[in-house]
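10 protein chains.
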Amino acid sequence: MFKSRNEVTEAIVIARIRKKLSWADVAKAIGRSDVWTISACLGQMIFSADEAKVVVELFDLDDSATALLQVVPYKGTFKGGAPDDPLLYRWYEMLSVYGPAIKELIHEEFGDGIMSAIDFRMNIGREVDPAGDRVHVNISGKFLPYKPF
Amino acid sequence: MFKSRNEVTEAIVIARIRKKLSWADVAKAIGRSDVWTISACLGQMIFSADEAKVVVELFDLDDSATALLQVVPYKGTFKGGAPDDPLLYRWYEMLSVYGPAIKELIHEEFGDGIMSAIDFRMNIGREVDPAGDRVHVNISGKFLPYKPF
Amino acid sequence: MFKSRNEVTEAIVIARIRKKLSWADVAKAIGRSDVWTISACLGQMIFSADEAKVVVELFDLDDSATALLQVVPYKGTFKGGAPDDPLLYRWYEMLSVYGPAIKELIHEEFGDGIMSAIDFRMNIGREVDPAGDRVHVNISGKFLPYKPF
Amino acid sequence: MFKSRNEVTEAIVIARIRKKLSWADVAKAIGRSDVWTISACLGQMIFSADEAKVVVELFDLDDSATALLQVVPYKGTFKGGAPDDPLLYRWYEMLSVYGPAIKELIHEEFGDGIMSAIDFRMNIGREVDPAGDRVHVNISGKFLPYKPF
Amino acid sequence: MFKSRNEVTEAIVIARIRKKLSWADVAKAIGRSDVWTISACLGQMIFSADEAKVVVELFDLDDSATALLQVVPYKGTFKGGAPDDPLLYRWYEMLSVYGPAIKELIHEEFGDGIMSAIDFRMNIGREVDPAGDRVHVNISGKFLPYKPF
Amino acid sequence: MFKSRNEVTEAIVIARIRKKLSWADVAKAIGRSDVWTISACLGQMIFSADEAKVVVELFDLDDSATALLQVVPYKGTFKGGAPDDPLLYRWYEMLSVYGPAIKELIHEEFGDGIMSAIDFRMNIGREVDPAGDRVHVNISGKFLPYKPF
Amino acid sequence: MFKSRNEVTEAIVIARIRKKLSWADVAKAIGRSDVWTISACLGQMIFSADEAKVVVELFDLDDSATALLQVVPYKGTFKGGAPDDPLLYRWYEMLSVYGPAIKELIHEEFGDGIMSAIDFRMNIGREVDPAGDRVHVNISGKFLPYKPF
Amino acid sequence: MFKSRNEVTEAIVIARIRKKLSWADVAKAIGRSDVWTISACLGQMIFSADEAKVVVELFDLDDSATALLQVVPYKGTFKGGAPDDPLLYRWYEMLSVYGPAIKELIHEEFGDGIMSAIDFRMNIGREVDPAGDRVHVNISGKFLPYKPF
Amino acid sequence: MFKSRNEVTEAIVIARIRKKLSWADVAKAIGRSDVWTISACLGQMIFSADEAKVVVELFDLDDSATALLQVVPYKGTFKGGAPDDPLLYRWYEMLSVYGPAIKELIHEEFGDGIMSAIDFRMNIGREVDPAGDRVHVNISGKFLPYKPF
Amino acid sequence: MFKSRNEVTEAIVIARIRKKLSWADVAKAIGRSDVWTISACLGQMIFSADEAKVVVELFDLDDSATALLQVVPYKGTFKGGAPDDPLLYRWYEMLSVYGPAIKELIHEEFGDGIMSAIDFRMNIGREVDPAGDRVHVNISGKFLPYKPF
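Chains as they are written, first to last, in my numbering: chain A, 1 to 149; chain B, 1001 to 1149; chain C, 2001 to 2149; chain D, 3001 to 3149; chain E, 4001 to 4149; chain F, 5001 to 5149; chain G, 6001 to 6149; chain H, 7001 to 7149; chain I, 8001 to 8149; chain J, 9001 to 9149.
What follows is the structure, encoded as structure tokens:
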């Protein structure tokens, strides 16, 4: 019987590895994007009642997980160091909340390595939206693999 | 006579405001993208000899700035809190190095406010490149303006 | 048999989810306001003997919880970063002590999301009181929901 | 000639004291609420072109302040310690951005002292709004004066 | 069988609550002052062999506690932030070592609440002593109770 | 012309040494206790208009100090490390606000050295007061002088 | 059944000591360099499927380790203090990722002690490489043994 | 007239840029290796009397620098985060003391960019030495240039 | 069966108390000095094979401790705060590595209390040694006992 | 005219270098031990009126230094990281207060380098004293010189 969302998250992480499920499979089963799905499976988002059922089945979880997956969790994975300025803070929060999902996704697609912040480009523009304009960002960084030596 | 790159940066910041130059104007004069140009003007990148001349003229800087603008600076603007994991770190470095440019660019385009990390979506994919494949990221966050009350 | 108030708090948190009790139900059963009730259930306040009995029954707790619920706990949930100034500190303490209750209450009423600090207004005034005048504060911030993508 | 918004802020702080202007007077002259006005004068908000002129005249500032008062500043006054959770963070940001204004306002109204976080009550509710519902918060804390001894 | 002084301390804390012993009772049984007794029971001081026996009986502890209660413990309960200056440090150490005892004592006498640092006075003087003069300090702070709301 | 309370404080500190005034003389001139007087002179408290005049004369300060001495300052002298618990915090705040005054007072009375936290005793009791009972604390610590060697 | 890579790492560390395997033996069995092998065994790198099998056999691990050894881990072993500058950071990351392997290797070769940073020399040069030139570093530091006394 | 070694260091840094001297030129003039020379010029090492004269002439420094260049400085450039273990610490110290020299040297040879810690290899071995064996380290990391975009 | 050196250290600490062995007895049995012996027993040094056997017998440890006592441990007991300067750092390291042994030794000889840093003297001189001269330090500090009150 | 003890300390530091006075000369002129003298000159101790005169003459200081040298300073030179335990803390304080003097003394006697904490021995014993027994400590560490390369 799960006692906290953290316990459910740990169970999902290890179950996915044992069952050799890719995150892409998981996202398809739930019907959401990759980033959101991984982020939610890693304990940062709530699932709807229906989604929670899918998650419980997919990972063979104890039924007590169902309710916990629908309760708003404490979010964020960084420990200290947030910038003071509100605009910069939200970019930092983006990394704190979605960072583990980003890491999983890049490793699933490319293997062990990093996205370069040196061989890198970025642009930022306006995305017109009747519900309020949006900031649109494009980032491109070379993937650099770790190689055994 | 400038004694450090920091002094040049401070001079550029105040000169741009006094001369009512937009960052878009500056980028056009230098012939680079907005993000890179602002980042370089804010002391994170080196300029080529030709670019340095343009910068000195554009902002009416003392000629001693020319050499300093071509010397590799100490980069980064965050103070502590970097994540341990190398993949996550490079995203953090991206904010530490380009964060002030991101802030300037969004404020120039949208005014005072923030890019929401709540009304937000992101996807990550592979960008095939003969020189080595790249990670491509799309981010879209609603702009939320500060309103006086 | 509970060994500390923390263990009682953890039991309350999970029991409430399993029994699908709303915080509003809990507050009604105890006869106190929402904010105070949640704050006390989360281990920040002491209950009277009568209230402790209600809590133990409501959440089917082991009887050893009764005494622990009446012992003054170590309070506060933030970890470092308190401002030096005594006036500002007390606002910080308010968040440290009541923050988890605020989080529960907003999520119960609005779902997953945040209260905006950008689309936000606040006023502060004097509340005359024969037992000593009070500072009265009104805050209004737009609720922004997390949406899956 | 001002070189940064910080220098303008310092000039405003000392000019207000020398000219014996109350913050209420300043807010009236600018035509905004007390909290917003103080916050903006202390360097956390931008002024419109018209407001900037009023500020420059009111405090007899050098004309170079006019442009600086309209440039989005780096905001926030706390140094580290932000909570990880996005909901709690925004309350922390509220204190980091508006805290100095809160301090000024309470001291102007009540003198030296603090708003108690012990003799304190708070409630939180929904404020229906066609542009999106809002979280409404009422806080009442006893004012406790410092007394010389 | 206890493996460390910390385990003995935790056992004392919970046994006192279960047995409904006041700290005043404990101090009387041991024959020491309230502050010292609580401080020692909370793991900051060593007991003599005779005192250790009383403690073990009073709280029905396993006999293995007897030796541990006579071994000098690691003291101090604060985590970082000590002032550099030696005179100020010793006041800080006083809080770090005796703070938990102060907390227990005030709550036992007054209930849940705090000693005000605003409605507060203090004086410091010389206490002549043939074994070396002493600094004598008198502090008086109003007790402010937490009230449920 | 003083630009901040900090500048006034620095001027008082050095003027007192040059004029060879004891803190006891200063307290007598102002008509307050030693602890409060030193604390106020060191920038932690506000003076009344009459007291501010005395201070300005006593230390031959520029007249611009008069207004600054009556404005509520940012208080506190410690930098980080405040305990989370509200009761313990207020003792910490006592040291943060009055610590420099305590240091001056002990050095004026005893010379260079410290108040021992080892050869030390303390008791805490109730002080009945019609305006609300008070916590009364007595502390006695041996003075230990630094000796040159 | 292993629940995380950390558990696998702990099992490897103790198994190597019990089986009296040198790291050189382990590296030979896996067919990689010493530094890389130790680093991977200590949880910083992924093994290929074949290498994972060798590791599981060599250390008599439960078969559930096989999958975990192929999953990209959270890397890095330092806790805070990374320099801001990207060039300096990568040297710091080198220590954070490979530091434990460096420690094992030097102790295996030389016993308990340290590599001196005082009796020390270093040079840095260019290593021409058709796939992109490399920075080549030579470091030589005297080994200083701990001696019992 | 220089008042501290820091002032001398700042003067050297800016003089080298103005005079367009390479670090290789400086090292040749002084007759030491590149790493040591840069490190000493950046304030981490002492110069002999003869070397100090060369430095003063080379950079046209005020004669008061001569004595300061021969006084042992406070060394180290990192701010916190040193690992506890003595072996690991000395590698960290190596970066703290020689890091700025490493940065200068790589930028002088390769331009703006970093030495990769991903496309990286390292080996460690014994260097027999009659005065006590030494640890020998070879590191090779690909240079990655920053490119404007 | 011990899984780490830490577990062995904890077993030694409690075994010594239960068996009422003094550290002086332990040092005699092992044939080393008090400081080194305690330091090694507390997990900071390695034992030779013969010494490890003595330790295992003396404290009735499980035989699996024998190998662990001969493996170089992670050393150091302080958590952050190391000074940057290499000379000062090594004094700090001395405290971090030998501090727990110093604490045990002073308490064994003098009981609960501290070595004064106020009633204190120190001298430092050269100790000529053919293997390289040594720094010799003499420290004398008054012992101050804690007294119950 | 000196405004603080810090300014006097800085003047002493540079005057000693310019006048080529050794610390041994200074100690002889003042008539105290090396450690105490350097510590006092570096701003950690007060001088008597007579000693202050000698210091002012020796270093050709402005007469305003005389009073400042007799006022108890804020002591300590470390910034954070003090251990919690009172016994360990006093050793840390010893380094914080006397560390800069230790550094000067070792460099004056041995040149640039460090006292090894590896090739190191220490013993601790009782020094019988009618005024209260003392802890006596002997430390011997090999001097390791920095050598240019």
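Idealized CB from N, CA, C, for every residue including glycine.
Computed from a prediction, not measured in an experiment: that's the story for all the values here.
| Mind pulling the chain H residues with CB within less than 7 Å of alanine 8082 of chain I? | Ala7082
| query | Under the three-state reduction of DSSP, which class applies to methionine 115 of chain A: helix, strand or coil? | reply | Three-state DSSP puts methionine 115 of chain A in a strand.
| What are the partner residues of serine 140 of chain A, as DSSP defines its beta bridges? | Note: serine 140 of chain A sits in a beta bridge opposite A/Arg121 and B/His1136.
| Do we get a CB-CB distance below 9 Å when we pair threonine 7077 of chain H with the residues of chain I? | yes
| Grouping DSSP H, G and I as helix and E and B as strand, with all else coil, what is arginine 7005 of chain H? | helix
| request: Could you check the C-alpha separation between serine 7116 of chain H and isoleucine 139 of chain A for me, to the nearest Å? | output: 20 Å
| field | Span separating the alpha-carbon of asparagine 6123 of chain G from that of valine 7035 of chain H | value | 6 Å
| message | Does chain J have any CB closer than 9 Å to the CB of lysine 6147 of chain G? | response | yes
| query | Residues in its own chain within less than 7 Å of tyrosine 5146 of chain F by CB, not counting five upstream and five downstream? | reply | Asp5112 and Gly5113
| query | Smallest Cα separation from lysine 7079 of chain H: which of H/Leu7087, H/Tyr7092 and H/Asp7133? | reply | H/Tyr7092
| task | Could you tell me whether the stretch 3082-3091 of chain D touches the stretch 71-85 of chain A, where touching means 3 or more Cβ pairs closer than 8 Å? | result | yes
| So which residues of chain B does glutamate 5990 of chain G contact, with C-beta pairs closer than 8 Å? | Within the shown structure, residues of chain G are numbered from 6001 to 6149, placing residue 5990 of chain G beyond reach of any answer.
| task | Would you mind working out which of A/Ser64, A/Ala49 and A/Val54 sits nearest arginine 2016 of chain C, comparing C-alpha positions? | result | Distances from the CA of arginine 2016 of chain C to each of A/Ser64, A/Ala49 and A/Val54 were compared; the closest alpha carbon is that of A/Ser64.
| task | Along the alpha helix (DSSP H) that carries phenylalanine 110 of chain A, what are the first and last residues, could you check? | result | 86-110
| said: So within the stretch 3023-3055 of chain D, which uninterrupted alpha helix (DSSP H) runs reach at least 4 residues, ignoring any that extend past its ends? | reply: 3023-3030 and 3034-3041
| field | Contacts that glycine 6113 of chain G makes with chain J (C-beta to C-beta distance below 7 Å) | value | Ile9118
| message | Give me the residue from C/Thr2009, C/Phe2149 and C/Arg2005 with the minimum Cα distance to phenylalanine 1120 of chain B. | response | With distances taken between Cα atoms, phenylalanine 1120 of chain B lies closest to C/Phe2149.
| Using a C-beta cutoff of 9 Å, does valine 8008 of chain I count as contacting chain E? | no
| field | Residues bridged to arginine 8126 of chain I (per DSSP) | value | I/Val8135
| said: Excluding the 5 residues flanking glycine 7043 of chain H on each side, which residues of the same chain have their C-beta closer than 6 Å to its C-beta? | reply: Same-chain partners within the cutoff: Arg7005, Thr7009 and Pro7073.
| said: Here's the rule I'm using: 16 or more other beta-carbon atoms within 10 Å means buried, otherwise exposed. How should tyrosine 9051 of chain J be labelled? | reply: The sequence given here has glutamate at residue 9051 of chain J, not tyrosine. Buried, since its Cβ has 16 or more Cβ neighbours within 10 Å.
| query | Looking at C-alpha atoms only, which residue of E/Tyr4089, E/Asp4129, E/Leu4069 and E/Ala4131 is the closest neighbour of isoleucine 4012 of chain E? | reply | E/Leu4069
| said: For chain I, check one thing: does any of its Cβ atoms lie closer than 9 Å to the Cβ of methionine 9122 of chain J? | reply: Judged by the 9 Å Cβ criterion, methionine 9122 of chain J is in contact with chain I.
| In chain D, which residues lie with their C-beta within 9 Å of the C-beta of valine 71 of chain A? | Residues of chain D passing the Cβ test: none, with the nearest at roughly 13 Å.
| query | The alpha helix (DSSP H) spanning alanine 3082 of chain D covers which residue range? | reply | That residue, alanine 3082 of chain D, is in no alpha helix (DSSP H); it is neither H nor E in DSSP.
| Rounded straight-line distance, which links the Cα of methionine 5094 of chain F to that of lysine 5020 of chain F | 28 Å
| query | What residues in its chain sit with their C-beta under 7 Å from that of serine 1033 of chain B, if we drop five residues either side in the sequence? | reply | Excluding residues within five positions, the ones whose Cβ falls inside 7 Å are Ala1027.
| Quick one: which chain I residues come within Cβ less than 8 Å of arginine 4032 of chain E? | Residues of chain I passing the Cβ test: Pro8148 and Phe8149.
| For the stretch 1094-1107 of chain B, which residues have a beta carbon sitting closer than 8 Å to at least one beta carbon of chain G? | Ser1096 and Val1097
| query | Are valine 5097 of chain F and isoleucine 4106 of chain E touching if we call contact CB-CB under 9 Å? | reply | no
| message | Can you find the residues in the same chain that come closer than 6 Å, C-beta to C-beta, to glycine 9132 of chain J, ignoring five residues on each side of it along the sequence? | response | None.
| Taking Cβ-Cβ distances shorter than 7 Å, what residues in chain I pair up with phenylalanine 9156 of chain J? | As displayed, chain J neither begins before 9001 nor continues past 9149, which places residue 9156 of chain J out of reach and without an answer.
| So, does the CB of lysine 4020 of chain E fall closer than 9 Å to a CB anywhere in chain C? | yes
| task | Ignore the nearest five residues each way along the sequence and tell me which others in glutamate 3127 of chain D's own chain have a CB closer than 6 Å to its CB. | result | Arg3134 and His3136
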